[in-house]
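Engineer: Mind having a look at this structure? Questions to follow.
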Amino acid sequence: MSKIAFFSTQPYDKAFFNKYNADFGFELDFFETQLNPQTVILIENAEIVCVFVNDIVNETVIKQLAEKNVKIIALRCAGFNNVDLDAAKKYCLKVCRVPAYSPQAVAEHAMAMILTLNRKTHKAYNRVREQNFSLNGLLGFDLFGKTIGIIGTGNIGKAFSKIALGFGCKVLAYDIVENEEMKKEGVSFVGLEEIFKSSDIISLHCPLNDQTKHVINKTSISFMKDNVMIINTSRGGLIETSSVIEGLKEGKIGYLGIDVYEQEEKLFFRDLSADIIQDDAIQRLMSFPNVLVTAHQAFFTNEALTQIALVTFNNIKSLLEKNDIENKTALLV
């Protein structure tokens, strides 16, 4: 029986992985703590470690994993910018991920953030509970006819484009490879600068890498329309936080919705309600009335968690039995 050590686990992780392990028969070890150089010591006789978006899987950690005879690093997410793939090759560890679990979950959350920021339903909810039925300060705008720019047209960006088209929006998109199916549905592929200049709403759906890091920065913000809305449900590092704060202060950015944050590993997935948060940038962001922050919640649906558990287990099983995975996009090393 192969043993899997899970890090950064929450009660829902345990519930879904325990539920679907009945068909696989792995031995499961769950740790609430993040994987980092100090916590590797917790692993005992496990061939596989299962990690999430904020676990630290650098060369130091990978070397320690190899010394503990770990053979597989299984990510229960799509992004892998937190894993040193070169180090994994160096120490002969396989790395796999869940390339697509429920694109609709993230795409729908992006639209939910747009609607919340626009129609201010979160503020209306609190007002009415206090018996304040005034509409002052709740003015929104019609999404119909507005231009939405999508950066990144993978599975999530594609799903989001269909939602935006359904609202009657004009949809622009940017990606290295243009999606012919999306073009047929009415999406116009344009250059990145055109996305910045023409979009009323910009939604980020691209991976984080050297080319996309801080794609939203002082320069790109200067190209944007006044009162632009920016939505990020992808990776925190796509946004240069200091530049966005300046854009909000100056009124250039009219709305900001973020489900991810560059320094989120110190904050998200934790109850810090009784603590003093030391991160001044996130505190400043949350002080703006036109900013909506959710704590990496976009993926969090029953369908997505089911797929994450099943794909993760199947990836591990395939690597153990065949040393390969049929879906090549799931195998990183």
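Take the sequence shown: its letters are residues -19 to 313, numbered as in the working numbering. The beta carbon of each residue, even a glycine, is placed where N, CA and C say it ideally should be.
To the nearest angstrom, how far is the alpha carbon of Leu247 from that of Ser222?
Structural biologist: Each residue's Cα considered, the two are about 18 Å apart.
Engineer: Between the alpha carbons of Val208 and Asn135, how many angstroms are there, rounded?
Structural biologist: Roughly 25 Å separates the two Cα atoms.
Engineer: What's the gap between the Cα of Leu285 and the Cα of Phe113?
Structural biologist: Those two C-alpha atoms are separated by around 38 Å.
Engineer: With DSSP run on the structure shown, which of helix, strand or coil describes Glu230?
Structural biologist: Residue state, collapsed to three classes: helix.
Engineer: Near Ala46, what residues of its chain come up, given a Cβ to Cβ distance below 8 Å and the 5 sequence neighbours on each side ignored?
Structural biologist: The residues are Tyr71, Cys72, Leu73.
Engineer: With a CB to CB cut of under 7 Å and the five nearest residues on each side skipped, what residues in its chain are close to Asp64?
Structural biologist: Contacts found: Val37, Asn38, Glu39, Ile42.
Engineer: Quick one: what's got a C-beta closer than 6 Å to Lys150's C-beta in the same chain, skipping five residues either side?
Structural biologist: If we look at Lys150 and ignore the five residues flanking it on each side, its Cβ neighbours are Thr127.
Engineer: Once DSSP output is grouped into helix, strand and coil, what is the label at Leu174?
Structural biologist: Looking at the sequence itself, residue 174 is Glu, so the reference to Leu does not match. It is helical.
Engineer: Going by CA-CA distance only, name the one from Ser200, Gly231, Asn189 that's closest to Arg215.
Structural biologist: Of the listed residues, the one whose Cα sits closest to Arg215 is Asn189.
Engineer: Cutting at 8 Å between CB atoms, please list the residues of its own chain near Arg264, excluding the five before and the five after it.
Structural biologist: Cβ within range, chain order: Ile225.
Engineer: So, helix, strand or coil for Lys100, using DSSP?
Structural biologist: Three-state DSSP puts Lys100 in coil, outside helix and strand.
Engineer: Alpha carbon to alpha carbon, what distance is there between Ala92 and Leu115?
Structural biologist: Straight-line Cα distance between these residues: approximately 21 Å.
Engineer: Whole angstroms are fine: how far does the CA of Asp155 sit from the CA of Thr96?
Structural biologist: Cα to Cα, the separation comes out at about 27 Å.
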